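Reading through the structure tokens given below for one structure.
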Amino acid sequence: MLTKLDTIAAGIYSDDFDSAGMSDSEKQAVRALRRRTVRMTVQNQQNMHTSQMNRLWSTIEGSQRLLPFSPNRHIIGTAKKIEELSPLNFQFRQFIQAVILNDSLLIVAIRKRGNYSNSVLVADRCMRINEITIVQLEEAPQLGELIKIINKAESYLLRFSNKSSKAEFLSLFEKAISTSGGLSSPAFQGIYLEVLL
Numbered sequence: 016m017l018t019k020l021d022t023i024a025a026g027i028y029s030d031d032f033d034s035a036g037m038s039d040s041e042k043q044a045v046r047a048l049r050r051r052t053v054r055m056t057v058q059n060q061q062n063m064h065t066s067q068m069n070r071l072w073s074t075i076e077g078s079q080r081l082l083p084f085s086p087n088r089h090i091i092g093t094a095k096k097i098e099e100l101s102p103l104n105f106q107f108r109q110f111i112q113a114v115i116l117n118d119s120l121l122i123v124a125i126r127k128r129g130n131y132s133n134s135v136l137v138a139d140r141c142m143r144i145n146e147i148t149i150v151q152l153e154e155a156p157q158l159g160e161l162i163k164i165i166n167k168a169e170s171y172l173l174r175f176s177n178k179s180s181k182a183e184f185l186s187l188f189e190k191a192i193s194t195s196g197g198l199s200s201p202a203f204q205g206i207y208l209e210v211l212l
């Protein structure tokens with residue numbers, strides 16, 4: 016009995032049933048076990064994505080309005096301690112966080128409420144990953160590490176505290192592009208260097 020179980024377990028990882036020396040009933044058992052394992056894995060992944068989105072909706076005000084439920088939507092990562100600047104005059108606008116999902120980029124504003132010690136995360140705007148172009152601006156010591164995000168006719172200028180946080184944001188963004196189901200996004204093709212005047 017144990018040897019049959021070992022043979023079936025070995026067959027789960029082997030595509031060649033004949034080389035494993037299995038009978039027809041053992042092959043059917045392996046196929047059924049594979050299907051069940053795949054269904055359980057997909058269900059576990061969907062449950063994890065749903066709990067991620069529920070946590071996001073409960074911690075960021077207005078996020079459910081901008082990011083309604085979608086079966087495969089999930090969070091890739093979060094970039095924190097980012098300053099949004101005006102693209103026209105480089106003046107500070109607000110402190111933000113960027114939540115990168117597999118299909119969207121959520122910009123979250125950090126707002127003060129009541130006491131200055133209490134800060135609240137509020138969903139500011141949401142952009143679809145396949146509609147975004149990222150422009151890395153050439154280093155300017157007086158301005159810091161900058162990235163320009165272009166979405167349709169609008170552009171946003173983000174300043175990062177250091178090179179590693181900027182690199183982490185770009186890495187998360189690239190991962191979102193690669194996991195978004197093979198979309199040919201202008202974002203992935205459009206990461207280029209622009210000289211700051």
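Residue 16 is where the sequence shown starts when you use my numbering, and the numbers rise one by one after that.
Every residue gets a Cβ at the ideal spot worked out from N, C-alpha and C, and that includes glycine.
Values in this document were obtained by computation on a predicted structure and should not be read as measured data.
Identify the continuous beta strand (DSSP E) that holds residue i and give its terminal residues.
i	result
E99	90 to 100
Q151	147 to 152
By how many angstroms is the C-alpha of residue j removed from the C-alpha of residue i?
i	j	result
R108	S134	16 Å
I90	I115	6 Å
V137	K42	54 Å
T52	R70	27 Å
L120	A44	44 Å
A191	N117	5 Å
Buried or exposed: which applies to residue i, given that a residue is buried once 16 or more other Cβ atoms fall within 10 Å of its Cβ?
i	result
A47	exposed
N62	exposed
L158	exposed
F175	buried
I27	Only weak support exists for where I27 lies, its pLDDT of 47 falling under 50; the value from the coordinates is given anyway. Per the 10 Å Cβ criterion, exposed.
S199	Unreliable placement is indicated for S199, whose pLDDT of 42 sits below 50; no coordinate value is reported for it.
L103	exposed
E153	exposed
D139	buried
Report the three-state DSSP secondary structure of residue i (helix, strand or coil).
i	result
D39	helix
K167	coil
S132	coil
F105	coil
Q58	helix
I75	coil
Q67	helix
S179	helix
For residue i, tell me which candidate among the options has the shortest Cα-Cα distance.
i	options	result
G92	R50, E183, L81	E183
E98	R143, N177, S193	N177
S101	A94, K181, S170	S170
T65	G77, F84, T56, T74	F84
L173	K190, K95, R50	K95
S141	R128, V123, G129, I192	Here residue 141 is Cys; the residue named in the question, Ser, does not match the sequence. If we check each option's Cα against that of C141, V123 comes out closest.
I144	A168, E160, E189, I162	E189
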